[in-house]
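Residue numbers (numbering that gives the first Met the number 0), protein chains in the order written: chain A, 0 to 104; chain B, 0 to 111; chain C, 0 to 158.
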Amino acid sequence: MSGAAFLDWAIAITLVVLSIAFVLTAIRVVIGPELGDRVLALDMLVSVGIGFIAVIAIKTGFSLYLDIAIALGLVGFLSTVAFARYILHRGRPADAGSKRVASDG
Amino acid sequence: MVDVLQYVAGIAMLLGGGFALTAAIGLIRLPDLYTRMHAASKAGAMATGLMFLSIAVVAFDGSVILRAAIGFVFVLLTTPVSAHLLARASFLTGYRPADITKPIELDAKDIE
Amino acid sequence: MIFVLAALVLALMWAAVTGAFTFGNLVLGGAVGVIALLLMRERIVRPTLFVKFGKAFSLAGLFLFELSRSAVTVALLVLSPDLSKRLKPAIIAFPLRVRTDAEITLLANLITLTPGTLSVDVSNDRRVLYVHALSVPDRDKLIADIAGGFEAKIMEVFE
Numbered sequence: 000m001s002g003a004a005f006l007d008w009a010i011a012i013t014l015v016v017l018s019i020a021f022v023l024t025a026i027r028v029v030i031g032p033e034l035g036d037r038v039l040a041l042d043m044l045v046s047v048g049i050g051f052i053a054v055i056a057i058k059t060g061f062s063l064y065l066d067i068a069i070a071l072g073l074v075g076f077l078s079t080v081a082f083a084r085y086i087l088h089r090g091r092p093a094d095a096g097s098k099r100v101a102s103d104g
Numbered sequence: 000m001v002d003v004l005q006y007v008a009g010i011a012m013l014l015g016g017g018f019a020l021t022a023a024i025g026l027i028r029l030p031d032l033y034t035r036m037h038a039a040s041k042a043g044a045m046a047t048g049l050m051f052l053s054i055a056v057v058a059f060d061g062s063v064i065l066r067a068a069i070g071f072v073f074v075l076l077t078t079p080v081s082a083h084l085l086a087r088a089s090f091l092t093g094y095r096p097a098d099i100t101k102p103i104e105l106d107a108k109d110i111e
Numbered sequence: 000m001i002f003v004l005a006a007l008v009l010a011l012m013w014a015a016v017t018g019a020f021t022f023g024n025l026v027l028g029g030a031v032g033v034i035a036l037l038l039m040r041e042r043i044v045r046p047t048l049f050v051k052f053g054k055a056f057s058l059a060g061l062f063l064f065e066l067s068r069s070a071v072t073v074a075l076l077v078l079s080p081d082l083s084k085r086l087k088p089a090i091i092a093f094p095l096r097v098r099t100d101a102e103i104t105l106l107a108n109l110i111t112l113t114p115g116t117l118s119v120d121v122s123n124d125r126r127v128l129y130v131h132a133l134s135v136p137d138r139d140k141l142i143a144d145i146a147g148g149f150e151a152k153i154m155e156v157f158e
């Protein structure tokens with residue numbers, strides 16, 4: 000098998016694998032159960048998104064996609080930090096010791 | 000030569016996809032936020048790094064390699080920080096670790 | 000002097016990220032770097048950082064190796080069928096020997112990206128780092144591992 004053929008094959012497989020990872024992570028976003036779990040899953044979605052962009056960059060041969068991947072990584076980091084601040088500032092529950100019931104926020 | 004580079008890039012890509020998948024499976028299977036964070040931060044960072052490596056190898060061009068390296072370093076610097084902030088915020092707002100977690104040598108009042 | 004060096008490094012990084020090593024682009028990157036450095040409240044650049052390049056590289060090598068090991072460990076754990084039996088999470092208080100903010104930050108980041116451990120927070124008096132571990136058969140051995148591995152290396156680099 001030539002290198003180009005192997006690369007095409009790898010691209011196809013990786014796109015399928017990343018799609019499965021994307022769906023599984025999205026399931027965690029939906030079922031939660033807490034806001035923190037959802038934020039973590041969103042952070043993971045950004046990682047999977049970077050993976051998609053990298054594969055597309057190789058598939059199309061545009062290295063410009065690399066800049067988009069870097070920018071997405073930085074934006075994803077900032078959004079996670081902002082969410083963490085939000086969780087902290089939303090206030091702690093009245094009974095800090097017990098496990099909190101998930102709110103719809 | 001080009002063939003070898005394409006093989007290396009393909010293998011790195013497949014490994015990266017595999018790590019992304021295990022991270023996602025970890026998110027589903029592990030019992031609480033703190034253990035899930037292990038999967039997301041480690042396997043996630045590894046997946047991103049392998050993807051950047053794959054681009055760098057396939058393009059094999061100075062500026063692309065440099066940018067891929069910088070992207071990987073950014074990911075390595077930001078992943079632990081976001082994981083730490085999220086773990087801290089969750090712990091302080093009363094998200095208890097799963098029951099099997101012991102010992103817990105941390106009290107919320109120590110880190111306020 | 001350090002300021003100029005930092006601005007130069009930032010200019011090079013700018014040129015690398017934008018992908019064009021032309022004179023105009025380097026000047027633009029330098030200008031942005033100087034503005035960013037002026038906007039910072041504290042001096043984060045210290046001469047020691049530039050001197051001990053060799054030891055810093057050895058630390059980076061150890062780190063990359065540990066990261067790959069860590070990712071494989073977590074992947075195998077996640078994929079194992081008897082997950083709940085192998086999982087013994089714990090939050091452990093790790094007594095810190097390093098003192099400065101930069102060292103603690105570096106140690107916390109390295110701990111997060113290495114096998115089975117994740118730093119949750121540092122105590123108010125900065126003497127204890129709280130570490131969440133994925134499976135802890137032996138608490139004291141874990142502490143000894145971190146203290147003898149990364150913490151020792153970091154102390155060498157920052158000496």
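Glycine included, C-beta positions come from ideal geometry on N, C-alpha and C.
Partners in chain B for residue i, counting only beta-carbon separations shorter than 8 Å
i: M12 of chain C; result: I69
i: I67 of chain A; result: In chain order: nothing, as chain B lies at least about 10 Å away.
i: L112 of chain C; result: S40, K41, A44, L75, T78 and P79
i: V38 of chain A; result: L85
i: G115 of chain C; result: H37
i: S67 of chain C; result: M45
i: R86 of chain C; result: Going by the sequence as given, residue 86 of chain C is Leu instead of Arg. Near L86 of chain C (Cβ distances below 8 Å), the residues of chain B are L29, P30, T34 and I99.
i: A15 of chain C; result: S62, L65, R66 and I69
i: L78 of chain C; result: T21 and I24
i: L41 of chain A; result: Under the 8 Å cutoff, chain B gives no residues; its nearest Cβ is about 10 Å from L41 of chain A.
i: V80 of chain A; result: V80, S81 and L84
Chain-ordered chain A contacts of residue i [CB-CB under 8 Å]
i: V72 of chain B; result: Ordered by position in chain A, no residue passes the 8 Å Cβ test against V72 of chain B, which lies about 10 Å from the chain.
i: G17 of chain B; result: V16
Boundaries (first-last residue) of the alpha helix (DSSP H) holding residue i
i: S118 of chain C; result: Here S118 of chain C belongs to no alpha helix (DSSP H); instead the beta strand (DSSP E) covers T116 to V121.
i: K140 of chain C; result: R138 to I145
i: S84 of chain A; result: Strictly speaking, residue 84 of chain A in this sequence is Arg, with Ser absent from that position. It spans L63 to H88 - the alpha helix (DSSP H) in which R84 of chain A sits, taken as one unbroken run.
i: A6 of chain C; result: I1 to T17
i: T27 of chain A; result: The residue asked about is misnamed: residue 27 of chain A is Arg in this sequence, not Thr. Segment G2 to I30, the alpha helix (DSSP H) holding R27 of chain A.
i: S62 of chain B; result: G61 to L91
i: T99 of chain C; result: From DSSP, T99 of chain C is part of no alpha helix (DSSP H); its letter is neither H nor E.
i: M0 of chain B; result: Taken as a continuous stretch (DSSP letters only), M0 of chain B belongs to no alpha helix (DSSP H), as it is neither H nor E.
i: G60 of chain A; result: Taken as a continuous stretch (DSSP letters only), G60 of chain A belongs to no alpha helix (DSSP H), as it is neither H nor E.
i: Y33 of chain B; result: L32 to H37
i: L29 of chain B; result: It is not in any alpha helix (DSSP H) - L29 of chain B carries neither H nor E in the DSSP assignment.
i: A30 of chain C; result: F22 to L38
i: G48 of chain B; result: G43 to A58
Beta-bridge pairing of residue i - partner residues as DSSP gives them
i: P94 of chain C; result: C:V127
i: S134 of chain C; result: C:K87
i: I103 of chain B; result: C:I90
Per-residue contacts from residue i into chain B (C-beta, under 9 Å)
i: R27 of chain A; result: A23, L26, I27 and R35
i: N165 of chain C; result: The first residue shown for chain C is 0 and the last is 158, placing residue 165 of chain C beyond what the model contains.
i: D81 of chain C; result: Those do not exist, as D81 of chain C stays about 12 Å from chain B at its closest Cβ, beyond 9 Å.
i: F61 of chain A; result: Those do not exist, as F61 of chain A stays about 10 Å from chain B at its closest Cβ, beyond 9 Å.
7 Å Cβ cut-off: residues of chain A touching residue i
i: F51 of chain B; result: A53
i: L13 of chain B; result: A9, I12 and T13
i: L65 of chain B; result: The premise fails here: L65 of chain B is roughly 10 Å from chain A at the closest Cβ pair, so nothing lies under 7 Å.
i: G9 of chain B; result: F5, L6 and A9
Partners in chain B for residue i, counting only beta-carbon separations shorter than 7 Å
i: T24 of chain A; result: A23 and L26
i: L61 of chain C; result: Ordered by position in chain B, no residue passes the 7 Å Cβ test against L61 of chain C, which lies about 14 Å from the chain.
i: G116 of chain A; result: Shown here, chain A extends from 0 to 104; a query on residue 116 of chain A therefore has no answer.
i: G48 of chain A; result: Result: empty, since nearest Cβ-Cβ is about 10 Å, beyond 7 Å.
Proximal chain C residues relative to residue i, where beta-carbon distance stays under 7 Å
i: A42 of chain B; result: A70, V73 and A74
Partner residues on chain C for residue i, Cβ-Cβ distance less than 9 Å
i: A55 of chain B; result: Going along chain C, no residue has its Cβ under 9 Å from A55 of chain B, so there is no contact; the nearest lies around 13 Å.
Within chain A, partners of residue i - CB distance below 9 Å
i: G48 of chain B; result: None at all; the shortest Cβ gap to chain A is about 10 Å.
| request: Check each residue of the region 83-103 of chain B: if its Cβ is closer than 8 Å to any Cβ of chain C, include it; give the result in chain order. | output: For the region 83-103 of chain B, which is checked against every Cβ of chain C, the residues closer than 8 Å are H83, A86, R87, F90, P96, A97, I99, T100, K101, P102 and I103.
| task | Closer than 8 Å, Cβ to Cβ, to anything on chain B: give me those residues from the region 119-133 of chain C, in chain order. | result | Near chain B, meaning a CB-to-CB distance below 8 Å, the residues of the region 119-133 of chain C are V119, D120, V121, S122, N123, V127, Y129, H131 and L133.
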